[in-house]
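**Q** Its first residue numbered 16, the sequence shown is counted upward by one per residue in my numbering.
I'd like to ask some things about the structure below.
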Amino acid sequence: MASLLAADTAAQNVYGGRRAARRPMLDTPPGHGRYCPVCRCWYRRFLPFGIRRRRQALCPGCGSLERHRYLWLYLETALGVTTRRLSVLHVAPEDGIRRRLQDCRAIRYTSIDLHDPGAATTMDATRLSFRDRSFDLIICCHVLEHVQDDRAAMQEFARVLRPAGHAIILVPLDKNRPQTYEDKTITGTEDRMKAFGHPYHVRVCGRDYGDRIAASGFNVATASSRTLSAHTRRFYRINRLTLFDCRLPPIN
Ligand SMILES: [Zn+2]
16 MASLLAADTA AQNVYGGRRA ARRPMLDTPP GHGRYCPVCR CWYRRFLPFG
66 IRRRRQALCP GCGSLERHRY LWLYLETALG VTTRRLSVLH VAPEDGIRRR
116 LQDCRAIRYT SIDLHDPGAA TTMDATRLSF RDRSFDLIIC CHVLEHVQDD
166 RAAMQEFARV LRPAGHAIIL VPLDKNRPQT YEDKTITGTE DRMKAFGHPY
216 HVRVCGRDYG DRIAASGFNV ATASSRTLSA HTRRFYRINR LTLFDCRLPP
266 IN
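Below, the structure written as structure tokens:
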């Protein structure tokens with residue numbers, strides 16, 4: 016995850032919006048504007064974010080993006096995380112989701128990152144120091160596209176996950192690409208931008224990415240934000256996203 020350092024530290028310059036994210040616009044009456052399910056607040060609008068400056072993307076209160084809002088909805092509604100006793104590992108934690116999970120009394124929460132001081136422990140996702148079967152839930156959102164040996168991280172997730180647990184993985188997917196594209200000889204930020212469409216990504220994840228996760232020892236189910244109603248997607252400002260809900264095969 017060494018490349019993640021560059022991604023995180025440079026992200027504020029590349030993407031923009033982080034400073035503005037600290038200025039909540041809490042004067043919007045409920046029912047008007049945008050609603051963030053992560054921080055549970057209304058705002059006049061969400062802020063632009065990303066290399067392409069996506070409009071209405073960033074929650075000005077908690078900094079959530081479209082994918083974080085979908086991820087949270089999935090965690091809350093599909094997995095019921097706020098009502099369960101869980102041991103959670105959050106990889107490269109997003110502030111808003113971290114706070115929500117830490118607010119849940121029944122959740123034993125820890126987070127890792129190579130460089131983010133907001134994470135509980137400095138640790139490489141490809142070499143976890145946790146014991147086998149330590150966690151009921153692992154959350155890893157838009158991290159593995161930065162990790163050269165992403166298969167090693169997946170195998171570590173499979174090792175530390177409990178038998179009935181879930182590893183929730185999101186990566187940016189290029190649905191037009193049947194196979195994941197990567198080339199380890201491409202290392203510079205400009206070259207990666209040309210090859211992978213992002214200065215800090217080490218691959219373009221294609222439609223086969225779920226198969227790659229499965230090859231690391233998981234049964235992989237996919238969830239799509241397209242199953243949400245158009246109204247819900249507009250309400251929370253969620254774009255088209257796919258989430259991998261990964262579980263260990265049953266023990267015979
Ligand atoms: Zn928010």
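Backbone N, C-alpha and C define an ideal beta-carbon position, used for all residues, glycine too.
So which of Arg68, His161, Thr136, Ser79 has the shortest CA-CA distance to Tyr251?
**A** One-based indexing of the sequence shown puts residue 251 at position 236. Measuring from the Cα of Tyr251, the nearest candidate turns out to be Ser79.
**Q** Candidates Thr257, Gly232, Arg249: which alpha carbon is nearest Pro265's?
**A** Translated into positions along the sequence shown, residue 265 becomes position 250. Among Thr257, Gly232, Arg249, the Cα nearest to that of Pro265 belongs to Gly232.
**Q** Starting from the Cα of Ser239, find the closest Cα among Phe64, Val96, Arg69, Leu88 and give me that residue.
**A** Within the sequence shown, residue 239 is the residue found at index 224, counting from 1. Closest option to Ser239, Cα to Cα, is Leu88.
**Q** Along the chain, where does the alpha helix (DSSP H) containing Asp206 start, and where does it finish?
**A** In the sequence shown, counting from the first residue as 1, residue 206 sits at position 191. Note, Asp206: alpha helix (DSSP H), 204-211.
**Q** What is the rounded straight-line gap between the Cα of His246 and the Cα of Asp165?
**A** Mapped onto the sequence shown, residue 246 falls at position 231. Mapped onto the sequence shown, residue 165 falls at position 150. Their Cα atoms are separated by approximately 35 angstroms.
**Q** Which of the three DSSP states, helix, strand or coil, is assigned to His216?
**A** Counting from one through the sequence shown, the residue named residue 216 turns up at place 201. Three-state result, His216: coil.
**Q** Evaluate Asp206 with the Cβ neighbour count: other Cβ atoms within 10 Å of its Cβ, from every protein chain shown; 16 or more gives buried, anything less gives exposed.
**A** Within the sequence shown, residue 206 is the residue found at index 191, counting from 1. That one is exposed.
**Q** Quick check on the contact list: which residues have their beta carbon closer than 5 angstroms to a heavy atom of ligand 1?
**A** Every residue passing the under-5 angstroms Cβ criterion appears here: Cys51, Val53, Cys54, Cys74, Gly76, Cys77, Ser79.
**Q** Just grab the DSSP bridge partners of Val106 for me.
**A** For the purposes of this step, residue 106 is taken as residue 91 along the sequence shown, with counting starting at 1. BP columns for Val106 point to Ile127, Cys155.
**Q** Going straight from the alpha carbon of His213 to that of Pro187, what length do you get?
**A** Counting from 1 along the sequence shown, the entry for residue 213 is found at position 198. Counting from 1 along the sequence shown, the entry for residue 187 is found at position 172. Straight-line Cα distance between these residues: approximately 11 angstroms.
**Q** Please classify Thr141: does DSSP put it in a helix, a strand, or coil?
**A** As a working note, residue 141 is residue 126 in the sequence shown. The answer is coil: DSSP assigns Thr141 none of H, G, I, E or B.
**Q** Counting only the same chain and skipping the five closest in sequence on each side, list residues whose C-beta sits under 6 angstroms from that of Pro39.
**A** Translated into the one-based positions of the sequence shown, residue 39 becomes position 24. Annotation note: pLDDT 46 at Pro39 (below 50); position unreliable, no value reported.
**Q** Taking Cβ positions, are Asp198 and Ala210 nearer each other than 8 angstroms?
**A** By 1-based counting over the sequence shown, the position of residue 198 is 183. By 1-based counting over the sequence shown, the position of residue 210 is 195. Closer than 8 angstroms, so yes.
**Q** Kindly indicate which three-state DSSP category Ile66 falls into: helix, strand or coil?
**A** The residue you call residue 66 lines up with position 51 of the sequence shown. Coil.
**Q** My guess is that Val162 and Ala140 are in contact by the Cβ rule of under 8 angstroms, so how many angstroms apart are they, rounded?
**A** On the sequence shown, position 147 is the one that residue 162 refers to. On the sequence shown, position 125 is the one that residue 140 refers to. With a Cβ gap of about 6 angstroms, Val162 and Ala140 count as contacting.
**Q** For Thr195, which residues in the same chain have their Cβ closer than 8 angstroms to its Cβ, ignoring the five residues on either side in sequence?
**A** Numbered from 1 along the sequence shown, position 180 holds the residue referred to as residue 195. Closer than 8 angstroms at the Cβ level, and outside the excluded window around Thr195, lie Arg218, Val219, Cys220, Gly221, Asp223, Tyr224, Arg227.
**Q** Would you call Asp128 buried or exposed, if buried means 16 or more other Cβ atoms sit within 10 Å of its Cβ?
**A** Counting from 1 along the sequence shown, the entry for residue 128 is found at position 113. Buried is the call here.
**Q** How would you label Ala168, buried or exposed, when you count the other beta carbons within 10 angstroms and need 16 or more for buried?
**A** Residue mapping note: residue 168 aligns to position 153 of the sequence shown, counting from 1. Buried is the call here.
**Q** Considering only C-alpha positions, which residue in the set Leu185, Arg123, Arg115 is nearest to Cys156?
**A** Within the sequence shown, the letter at position 141 stands for residue 156. Cys156 has its Cα closest to that of Leu185, out of Leu185, Arg123, Arg115.
**Q** May I ask you to check if the CB of Ser240 is nearer than 7 angstroms to at least one heavy atom of ligand 3?
**A** Inclusion of ligand 3 in the displayed structure is not the case, the ligand content consisting of ligand 1 alone.
**Q** Taking Phe150 as the reference, give the member of Phe61, Ala179, Arg60 with the closest Cα.
**A** As a first step, residue 150 is located in the sequence shown; it is residue number 135 there, counting from the start. Taking only the C-alpha atoms, the option nearest Phe150 is Ala179.
**Q** Just how far apart, CA to CA, sit Arg82 and Cys51?
**A** By one-based count along the sequence shown, residue 82 stands at place 67. By one-based count along the sequence shown, residue 51 stands at place 36. Near 12 angstroms, if we compare the C-alpha coordinates of Cys51 and Arg82.
**Q** Determine which residues share a DSSP beta bridge with Glu197 and list them.
**A** On the sequence shown, position 182 is the one that residue 197 refers to. Answer is Arg218.
**Q** If you compare alpha carbons, which of Thr202, Lys190, Ala182 is closest to Asp260?
**A** Against the sequence shown, residue 260 aligns to sequence position 245. Here the closest residue by C-alpha is Ala182.
**Q** Between Met208 and the rest of its own chain, which residues show a CB-CB distance below 7 angstroms, the 5 nearest in sequence each way excluded?
**A** Here the question's residue 208 lines up with position 193 in the sequence shown. Taken in chain order, the residues that qualify are Pro214.
**Q** Provide the residue span of the beta strand (DSSP E) that contains Arg49, from first to last.
**A** For the purposes of this step, residue 49 is taken as the residue at position 34 of the sequence shown. Start and end: 49-51.
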